[in-house]
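Notes follow the structure.
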Amino acid sequence: ENGSFGPDRILRLDTPTFADDAGCVDFKKEWIPEGILNICFDNPNPSVTSTAHEFLAWSTITSVDLPGLQYITSVGGGFFYECFFLKTINLSCLMNVSSISISFLYGCKLLEAVDLCSFEKVTFIEYGFLCSCSSLKTISNISGLRNVK
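In our numbering, each residue carries its 1-based index in the sequence shown increased by 1121.
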């Protein structure tokens, strides 16, 4: 109801629609219409500053773009946790993130590449960061993590 399909068969979601009053955006795999493999969160809003625990965990999507999350400063635990079929994720919009909770992209078995160029503000990462990503071949711009303590 709060999403639309473009000609590219990407489910486009209005980010503020899925945010609570505290600015925490949430989206669960159960909310994805059957057969959808690609998601794009649109419509950035400065009041949306964090992702909920287990944001899109265990979903069967293969690609995701997150431009609507450009004001996120804190990523909740289990961000795309065990999304076994996820091959492509665009993290470039997460340029304001300073804190990443446990199991960020944990268990994304088909993910082959990650670009961390936008992670320059990140100062804290909990355990499980990119763990069990058995197909991961390339981590670009790892220097983006230079401020992590």
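Virtual Cβ for every residue (Gly too), placed ideally from N, Cα, C.
Check, Outcome
"Residue from L1257, I1221, T1259, D1147 with nearest C-alpha to E1241", "I1221"
"T1136 versus C1214: straight-line alpha-carbon distance, rounded", "13 Å"
"Start-to-end residues for the beta strand (DSSP E) that takes in D1163", "1159 to 1163"
"Alpha carbon of F1225 to alpha carbon of S1180, nearest angstrom", "14 Å"
"Through-space distance from C1161 to F1200, alpha-carbon basis", "15 Å"
"Three-state class that DSSP yields for T1209 in the structure shown", "strand"
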